[in-house]
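Engineer: Going by my numbering, the sequence shown opens with residue 47, and the numbers climb by one from there.
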Amino acid sequence: MHKKSTNLHHSTLSNNMMTYINKNIDTDINIDELCLEYKISRFHFQRIFKEQIGKNIYETIKSIRLQKASNLLITNKYSTITEIASMCGYSSQTSFIRAFKNRFEQTPSFWRNGGYQEYSNKILQDFEGVPVSDVDFSYLKPKILKTKRKKAYYIRQKGYNVKAEQIWQKLMAWVYTNDIDDYEQIALYHDNPIITPPDDCYYVASIAIDENITLVNTTLPSFYISEMLCASFEVEGKYGDILKLIQWVYHHWLPNSGFETSTFPSYSIFQKNHFLNEDGFFKIKYFVPVRYV
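1. Going along the chain, which residues of its own chain have a beta-carbon closer than 7 Å to the beta-carbon of Lys204, five neighbours each way excluded?
2. If we count the other Cβ atoms within 10 Å of its Cβ and call it buried at 16 or more, is Ser268 buried or exposed?
3. In its own chain, which residues sit with a C-beta less than 6 Å from the C-beta of Lys318, not counting the 5 before and 5 after it?
4. Spell out a yes or no on whether the stretch 206-220 and the stretch 84-96 are touching, meaning 3 or more CB-CB pairs, one atom from each, closer than 8 Å.
5. Look up Tyr310 in the DSSP assignment and say whether it is helix, strand or coil.
6. Quick check on DSSP: helix, strand or coil for Pro267?
7. Can you name, in chain order, every residue of its own chain whose Cβ lies under 6 Å from the Cβ of Ile292, other than the five neighbours on each side?
8. Given that a residue counts as buried once 16 or more other Cβ atoms are within 10 Å of its Cβ, and exposed if not, what is Asn263?
9. Can you give me the Cβ contacts of Ile130 inside the same chain, cut-off strictly under 7 Å, excluding the 5 residues immediately before and after it?
10. Buried or exposed: where does Phe321 fall if 16 or more other Cβ atoms within 10 Å of its Cβ makes it buried?
11. How long is the line joining the alpha carbons of Tyr229 and Leu191, rounded to whole angstroms?
12. Please report the residue range of the alpha helix (DSSP H) in which Tyr104 lies.
13. From Lys331 to Phe150, what distance separates their C-alpha atoms?
14. Quick check: what's the CA-CA separation for Gln113 versus Asn258?
15. Please work out which residues of its chain come closer than 6 Å, Cβ to Cβ, to Leu234, disregarding the five sequence neighbours upstream and downstream, and give them in chain order.
16. Give me whichever residues DSSP pairs with Arg337 in a beta bridge.
17. Under a Cβ-count criterion, where at least 16 other Cβ atoms within 10 Å of its own Cβ denotes burial, should Tyr104 be classed as buried or exposed?
18. Using a Cβ-Cβ cutoff of less than 6 Å, which residues in the same chain neighbour Tyr285 once the five nearest sequence positions on both sides are dropped?
19. Does the beta-carbon of Lys290 have 16 or more other beta-carbons within 10 angstroms, so that it is buried, or is it exposed?
20. Around the C-beta of Asn238, are 16 or more other C-beta atoms found within 10 angstroms, so that it is buried, or is it exposed?
21. Let me check understanding here. Comparing Cα to Cα, which of Leu186, Ile169, Leu275 lies closest to Asp245?
22. Look at the alpha carbon of Met218 and the alpha carbon of His236, and state the distance between them as a whole number of angstroms.
23. Only counting the same chain, and skipping five residues up and downstream in sequence, which positions put a Cβ closer than 7 Å to that of Ile143?
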(Lines of atoms letter the chains of each structure in order from A; the text may use other names.)
(Lines give C-alpha, C1' and ligand atoms only; values in the text may rest on other atoms or scores of the structure.)
Protein backbone atom coordinates (compact mmCIF):
# COMPACT_ATOMS: atom_id res chain seq x y z
CA MET A 47 0.00 0.00 0.00
CA HIS A 48 2.87 2.34 0.87
CA LYS A 49 4.51 1.71 -2.52
CA LYS A 50 1.22 2.41 -4.35
CA SER A 51 0.71 5.61 -2.36
CA THR A 52 4.29 6.77 -3.08
CA ASN A 53 3.95 6.06 -6.80
CA LEU A 54 0.65 7.97 -6.90
CA HIS A 55 2.32 10.93 -5.17
CA HIS A 56 5.24 10.86 -7.64
CA SER A 57 2.89 10.57 -10.62
CA THR A 58 0.76 13.49 -9.38
CA LEU A 59 3.83 15.65 -8.78
CA SER A 60 5.24 14.99 -12.27
CA ASN A 61 1.88 15.49 -13.98
CA ASN A 62 1.34 18.76 -12.12
CA MET A 63 4.77 19.89 -13.26
CA MET A 64 4.06 18.99 -16.89
CA THR A 65 0.81 20.96 -16.72
CA TYR A 66 2.69 23.91 -15.20
CA ILE A 67 5.39 23.82 -17.90
CA ASN A 68 2.85 23.79 -20.73
CA LYS A 69 0.84 26.58 -19.15
CA ASN A 70 3.88 28.79 -18.44
CA ILE A 71 6.11 27.98 -21.40
CA ASP A 72 6.48 31.69 -22.22
CA THR A 73 8.19 32.38 -18.87
CA ASP A 74 11.57 31.68 -17.29
CA ILE A 75 10.59 28.50 -15.44
CA ASN A 76 12.51 28.42 -12.14
CA ILE A 77 12.97 24.85 -10.87
CA ASP A 78 14.31 25.98 -7.47
CA GLU A 79 11.16 28.01 -6.76
CA LEU A 80 8.96 25.07 -7.69
CA CYS A 81 10.93 22.75 -5.40
CA LEU A 82 10.35 25.19 -2.55
CA GLU A 83 6.64 25.31 -3.35
CA TYR A 84 6.36 21.50 -3.33
CA LYS A 85 8.67 21.24 -0.28
CA ILE A 86 11.05 18.84 -2.02
CA SER A 87 14.78 18.92 -2.71
CA ARG A 88 15.98 19.72 -6.22
CA PHE A 89 17.80 16.37 -6.48
CA HIS A 90 14.76 14.37 -5.34
CA PHE A 91 12.44 16.29 -7.64
CA GLN A 92 14.64 15.77 -10.71
CA ARG A 93 14.92 12.04 -9.96
CA ILE A 94 11.13 11.65 -9.61
CA PHE A 95 10.44 13.64 -12.79
CA LYS A 96 12.83 11.59 -14.92
CA GLU A 97 11.50 8.34 -13.43
CA GLN A 98 7.90 9.29 -14.28
CA ILE A 99 8.28 11.21 -17.56
CA GLY A 100 11.28 9.43 -19.07
CA LYS A 101 13.66 12.37 -19.54
CA ASN A 102 15.02 15.13 -17.35
CA ILE A 103 13.08 18.29 -16.72
CA TYR A 104 15.45 20.60 -18.62
CA GLU A 105 15.27 18.45 -21.76
CA THR A 106 11.48 18.40 -21.39
CA ILE A 107 11.19 22.20 -21.11
CA LYS A 108 13.49 22.70 -24.10
CA SER A 109 11.56 20.17 -26.19
CA ILE A 110 8.20 21.80 -25.40
CA ARG A 111 9.53 25.30 -26.16
CA LEU A 112 10.83 24.21 -29.58
CA GLN A 113 7.74 22.21 -30.47
CA LYS A 114 5.50 25.20 -29.66
CA ALA A 115 7.78 27.53 -31.63
CA SER A 116 7.78 25.22 -34.66
CA ASN A 117 3.98 25.49 -34.78
CA LEU A 118 3.87 29.24 -34.35
CA LEU A 119 6.43 29.81 -37.10
CA ILE A 120 3.98 28.16 -39.50
CA THR A 121 0.72 29.65 -38.27
CA ASN A 122 1.57 33.13 -36.95
CA LYS A 123 2.74 34.91 -40.08
CA TYR A 124 2.09 38.35 -38.56
CA SER A 125 4.57 37.67 -35.71
CA THR A 126 8.33 38.07 -36.08
CA ILE A 127 10.76 35.27 -35.23
CA THR A 128 11.83 37.29 -32.17
CA GLU A 129 8.21 37.59 -31.00
CA ILE A 130 7.64 33.85 -31.46
CA ALA A 131 10.84 33.04 -29.58
CA SER A 132 9.63 35.22 -26.70
CA MET A 133 6.19 33.53 -26.69
CA CYS A 134 8.01 30.23 -26.13
CA GLY A 135 10.27 31.46 -23.33
CA TYR A 136 13.43 32.49 -25.20
CA SER A 137 14.87 35.85 -24.18
CA SER A 138 17.61 35.67 -26.82
CA GLN A 139 16.93 35.21 -30.54
CA THR A 140 20.47 33.88 -30.99
CA SER A 141 20.01 31.07 -28.46
CA PHE A 142 16.60 30.28 -29.98
CA ILE A 143 18.00 29.98 -33.51
CA ARG A 144 20.84 27.75 -32.27
CA ALA A 145 18.48 25.45 -30.34
CA PHE A 146 15.98 25.30 -33.22
CA LYS A 147 18.65 24.38 -35.75
CA ASN A 148 19.98 21.62 -33.45
CA ARG A 149 16.48 20.13 -33.14
CA PHE A 150 15.13 20.48 -36.70
CA GLU A 151 18.37 20.72 -38.71
CA GLN A 152 17.22 23.95 -40.35
CA THR A 153 16.93 27.59 -39.32
CA PRO A 154 13.61 29.08 -38.16
CA SER A 155 13.53 31.19 -41.35
CA PHE A 156 13.99 28.17 -43.63
CA TRP A 157 11.37 26.23 -41.64
CA ARG A 158 8.91 29.11 -41.90
CA ASN A 159 9.41 29.40 -45.65
CA GLY A 160 8.36 25.81 -46.33
CA GLY A 161 11.00 23.61 -44.74
CA TYR A 162 8.38 22.22 -42.35
CA GLN A 163 6.43 20.52 -45.16
CA GLU A 164 8.88 17.73 -45.93
CA TYR A 165 9.60 17.26 -42.21
CA SER A 166 5.90 16.83 -41.41
CA ASN A 167 5.13 14.60 -44.40
CA LYS A 168 7.93 12.24 -43.37
CA ILE A 169 6.39 11.89 -39.89
CA LEU A 170 2.96 11.07 -41.36
CA GLN A 171 4.50 8.46 -43.70
CA ASP A 172 6.17 6.73 -40.75
CA PHE A 173 3.01 6.64 -38.60
CA GLU A 174 2.72 3.03 -37.32
CA GLY A 175 2.73 1.57 -40.81
CA VAL A 176 -0.74 3.04 -41.34
CA PRO A 177 -1.23 4.31 -44.93
CA VAL A 178 -1.06 8.10 -45.11
CA SER A 179 -4.60 9.47 -44.98
CA ASP A 180 -5.70 11.00 -48.28
CA VAL A 181 -8.74 12.78 -46.84
CA ASP A 182 -9.24 16.30 -48.18
CA PHE A 183 -10.43 18.59 -45.37
CA SER A 184 -10.54 21.77 -47.45
CA TYR A 185 -14.35 21.66 -47.42
CA LEU A 186 -14.47 22.27 -43.66
CA LYS A 187 -15.93 25.56 -42.44
CA PRO A 188 -15.05 26.44 -38.83
CA LYS A 189 -17.15 28.22 -36.26
CA ILE A 190 -15.38 30.91 -34.25
CA LEU A 191 -16.56 30.76 -30.66
CA LYS A 192 -15.56 31.38 -27.06
CA THR A 193 -15.34 28.14 -25.09
CA LYS A 194 -16.23 27.73 -21.44
CA ARG A 195 -13.75 26.68 -18.79
CA LYS A 196 -13.75 22.93 -18.14
CA LYS A 197 -12.31 20.82 -15.34
CA ALA A 198 -10.91 17.54 -16.62
CA TYR A 199 -9.41 14.44 -15.01
CA TYR A 200 -6.76 12.84 -17.15
CA ILE A 201 -4.16 10.22 -17.96
CA ARG A 202 -1.03 11.25 -19.84
CA GLN A 203 0.62 8.78 -22.22
CA LYS A 204 3.91 9.02 -24.06
CA GLY A 205 3.12 8.11 -27.64
CA TYR A 206 0.20 8.89 -29.92
CA ASN A 207 -0.71 5.39 -31.08
CA VAL A 208 -3.20 2.53 -30.67
CA LYS A 209 -2.08 2.06 -27.05
CA ALA A 210 -4.30 5.05 -26.28
CA GLU A 211 -7.15 2.52 -26.21
CA GLN A 212 -5.83 1.26 -22.87
CA ILE A 213 -5.92 4.65 -21.16
CA TRP A 214 -9.37 5.41 -22.55
CA GLN A 215 -10.61 2.08 -21.14
CA LYS A 216 -9.08 2.98 -17.78
CA LEU A 217 -10.73 6.41 -17.86
CA MET A 218 -14.11 4.85 -18.58
CA ALA A 219 -13.63 2.47 -15.64
CA TRP A 220 -13.02 5.59 -13.50
CA VAL A 221 -16.22 7.15 -14.89
CA TYR A 222 -18.26 4.04 -14.01
CA THR A 223 -16.64 3.76 -10.56
CA ASN A 224 -17.78 7.30 -9.80
CA ASP A 225 -21.26 6.76 -11.33
CA ILE A 226 -20.82 9.77 -13.62
CA ASP A 227 -23.57 10.14 -16.21
CA ASP A 228 -22.78 13.54 -17.71
CA TYR A 229 -19.23 13.88 -19.04
CA GLU A 230 -17.14 14.70 -22.12
CA GLN A 231 -14.24 12.70 -23.54
CA ILE A 232 -11.48 15.14 -24.51
CA ALA A 233 -8.09 14.46 -26.13
CA LEU A 234 -5.39 17.14 -25.88
CA TYR A 235 -2.51 17.24 -28.33
CA HIS A 236 0.14 18.90 -26.13
CA ASP A 237 2.79 17.77 -28.60
CA ASN A 238 1.76 18.29 -32.19
CA PRO A 239 1.94 14.78 -33.75
CA ILE A 240 2.68 16.21 -37.19
CA ILE A 241 5.82 17.94 -35.88
CA THR A 242 6.94 15.63 -33.08
CA PRO A 243 7.22 11.92 -34.02
CA PRO A 244 4.09 10.22 -32.60
CA ASP A 245 6.11 7.86 -30.39
CA ASP A 246 7.64 10.91 -28.66
CA CYS A 247 4.37 12.82 -28.26
CA TYR A 248 2.59 13.23 -24.95
CA TYR A 249 -1.06 12.42 -25.59
CA VAL A 250 -3.56 13.40 -22.91
CA ALA A 251 -6.88 11.57 -22.63
CA SER A 252 -9.31 13.23 -20.24
CA ILE A 253 -12.83 13.27 -18.85
CA ALA A 254 -14.43 16.66 -18.27
CA ILE A 255 -17.20 16.79 -15.66
CA ASP A 256 -19.20 19.30 -13.67
CA GLU A 257 -17.01 20.74 -10.91
CA ASN A 258 -19.78 20.20 -8.33
CA ILE A 259 -19.88 16.42 -8.73
CA THR A 260 -18.78 14.52 -5.61
CA LEU A 261 -16.30 11.82 -6.57
CA VAL A 262 -15.85 8.43 -4.91
CA ASN A 263 -12.39 7.97 -6.44
CA THR A 264 -10.17 11.02 -6.92
CA THR A 265 -6.81 9.38 -7.67
CA LEU A 266 -6.61 10.90 -11.17
CA PRO A 267 -4.87 14.27 -11.57
CA SER A 268 -6.92 17.15 -12.93
CA PHE A 269 -6.42 20.40 -14.82
CA TYR A 270 -8.53 23.20 -16.26
CA ILE A 271 -9.06 23.87 -19.93
CA SER A 272 -9.28 27.65 -19.92
CA GLU A 273 -12.01 29.76 -21.44
CA MET A 274 -10.63 30.89 -24.80
CA LEU A 275 -11.37 31.96 -28.36
CA CYS A 276 -11.29 28.94 -30.67
CA ALA A 277 -12.03 27.79 -34.19
CA SER A 278 -14.19 24.66 -34.02
CA PHE A 279 -14.40 22.02 -36.77
CA GLU A 280 -16.92 19.14 -36.87
CA VAL A 281 -15.23 16.09 -38.35
CA GLU A 282 -15.87 12.37 -38.87
CA GLY A 283 -13.26 9.82 -39.92
CA LYS A 284 -11.15 6.80 -39.05
CA TYR A 285 -7.92 6.18 -37.17
CA GLY A 286 -5.10 8.14 -38.83
CA ASP A 287 -7.35 10.88 -40.23
CA ILE A 288 -6.91 13.07 -37.14
CA LEU A 289 -3.22 13.54 -37.97
CA LYS A 290 -4.18 14.65 -41.46
CA LEU A 291 -6.77 17.02 -39.96
CA ILE A 292 -4.19 18.59 -37.64
CA GLN A 293 -1.79 19.00 -40.55
CA TRP A 294 -4.43 20.69 -42.69
CA VAL A 295 -5.49 23.07 -39.88
CA TYR A 296 -1.94 24.12 -38.96
CA HIS A 297 -0.38 24.12 -42.42
CA HIS A 298 -3.24 25.42 -44.56
CA TRP A 299 -6.24 26.82 -42.71
CA LEU A 300 -4.52 28.80 -39.95
CA PRO A 301 -1.85 30.55 -42.09
CA ASN A 302 -4.59 31.74 -44.48
CA SER A 303 -7.33 32.41 -41.93
CA GLY A 304 -6.41 35.91 -40.78
CA PHE A 305 -5.99 34.54 -37.25
CA GLU A 306 -2.98 33.46 -35.25
CA THR A 307 -2.82 30.75 -32.60
CA SER A 308 -1.35 30.51 -29.10
CA THR A 309 0.86 28.03 -27.25
CA PHE A 310 -2.22 26.28 -25.80
CA PRO A 311 -2.73 22.89 -27.48
CA SER A 312 -5.54 21.98 -29.82
CA TYR A 313 -8.01 19.38 -28.57
CA SER A 314 -10.87 17.13 -29.64
CA ILE A 315 -14.19 16.53 -27.90
CA PHE A 316 -15.44 13.10 -28.90
CA GLN A 317 -19.02 12.40 -29.83
CA LYS A 318 -17.77 9.01 -30.98
CA ASN A 319 -14.35 7.76 -29.84
CA HIS A 320 -12.46 5.56 -32.33
CA PHE A 321 -10.35 4.14 -29.48
CA LEU A 322 -13.52 2.83 -27.79
CA ASN A 323 -15.62 1.80 -30.77
CA GLU A 324 -15.04 -1.48 -32.60
CA ASP A 325 -15.57 0.05 -36.05
CA GLY A 326 -12.57 2.38 -35.55
CA PHE A 327 -14.43 5.52 -36.61
CA PHE A 328 -14.63 8.83 -34.76
CA LYS A 329 -16.88 11.85 -34.67
CA ILE A 330 -15.37 14.92 -33.05
CA LYS A 331 -15.45 18.64 -32.56
CA TYR A 332 -11.86 19.76 -33.03
CA PHE A 333 -10.85 23.02 -31.32
CA VAL A 334 -7.78 25.11 -32.12
CA PRO A 335 -7.09 28.31 -30.11
CA VAL A 336 -7.07 31.49 -32.19
CA ARG A 337 -6.47 35.15 -31.56
CA TYR A 338 -7.62 38.21 -33.46
CA VAL A 339 -4.85 40.13 -35.23
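The beta-carbon is built from N, C-alpha and C at its ideal position, and this holds for glycine as well. Note that this is a predicted model, so its numbers are computed, not measured.
Structural biologist: With the structure as the only source:
1. Residue mapping note: residue 204 aligns to position 158 of the sequence shown, counting from 1. Cβ neighbours of Lys204 within its own chain (closer than 7 Å, five residues either side excluded): Gly100, Tyr248.
2. Against the sequence shown, residue 268 aligns to sequence position 222. By the neighbour-count criterion, in which 16 or more other beta carbons inside 10 Å mark a residue as buried, Ser268 falls on the buried side.
3. Counted from its first residue, the sequence shown places residue 318 at position 272. Here the set comprises Phe328, Lys329.
4. A contact between stretches requires three or more CB pairs, one per stretch, nearer than 8 Å, and the stretch 206-220 fails this requirement with the stretch 84-96.
5. Counting from 1 along the sequence shown, the entry for residue 310 is found at position 264. At residue 310 the sequence reads Phe, which differs from the Tyr that was named. In the three-state reduction of the DSSP assignment, Phe310 falls in the coil class.
6. Taking the sequence shown and counting its residues from 1, the one referred to as residue 267 is at position 221. Coil.
7. Here the question's residue 292 lines up with position 246 in the sequence shown. Answer for Ile292: Ile240, listed in chain order.
8. Taking the sequence shown and counting its residues from 1, the one referred to as residue 263 is at position 217. Exposed: under 16 other Cβ atoms inside 10 Å.
9. Numbered from its first residue, the sequence shown carries residue 130 at position 84. Close CB contacts of Ile130 within its chain, under the 7 Å cut and outside five residues either way in sequence, are with Ala115, Leu118, Leu119, Asn122 (chain order).
10. The residue labelled residue 321 in the question sits at position 275 within the sequence shown. The residue in question, Phe321, is buried, as its Cβ has 16 or more Cβ neighbours within 10 Å.
11. Taking the sequence shown and counting its residues from 1, one reaches residue 229 at position 183. Taking the sequence shown and counting its residues from 1, one reaches residue 191 at position 145. Computed Cα separation, rounded: 21 Å.
12. Reading the sequence shown from its first residue, position 58 is the one you call residue 104. Per DSSP, Tyr104 belongs to the alpha helix (DSSP H) from 103-121.
13. Taking the first residue of the sequence shown as position 1, residue 331 is located at position 285. Taking the first residue of the sequence shown as position 1, residue 150 is located at position 104. Approximately 31 Å between the Cα atoms of the pair.
14. Translated into the one-based positions of the sequence shown, residue 113 becomes position 67. Translated into the one-based positions of the sequence shown, residue 258 becomes position 212. In a straight line, the C-alpha of Gln113 is about 35 Å away from that of Asn258.
15. Numbered from its first residue, the sequence shown carries residue 234 at position 188. Hits under 6 Å: Val250, Pro311, Tyr313.
16. For the purposes of this step, residue 337 is taken as the residue at position 291 of the sequence shown. Answer is Glu306, bridged to Arg337.
17. Position 58 of the sequence shown, counting from 1, holds the residue named residue 104. It counts as exposed.
18. Residue 285 sits at position 239 when you count from the first residue of the sequence shown. Counting only residues of its own chain and dropping the five nearest sequence neighbours on each side, Tyr285 has a CB closer than 6 Å to the CB of His320, Gly326.
19. Walking along the sequence shown from the start, residue 290 turns up at place 244. Classification for Lys290: buried.
20. In the sequence shown, the residue the question calls residue 238 occupies position 192. By the 10 Å Cβ count, Asn238 comes out buried.
21. Taking the sequence shown and counting its residues from 1, one reaches residue 245 at position 199. With distances taken between CA atoms, Asp245 lies nearest to Ile169 out of Leu186, Ile169, Leu275.
22. Here residue 218 refers to the residue found at position 172 when the sequence shown is read from its first residue. Here residue 236 refers to the residue found at position 190 when the sequence shown is read from its first residue. A direct Cα-to-Cα measurement between Met218 and His236 gives close to 21 Å.
23. Residue mapping note: residue 143 aligns to position 97 of the sequence shown, counting from 1. Within its own chain, the residues whose Cβ lies closer than 7 Å to the Cβ of Ile143, once the five positions on either side in sequence are excluded, are Thr153, Pro154, listed in chain order.
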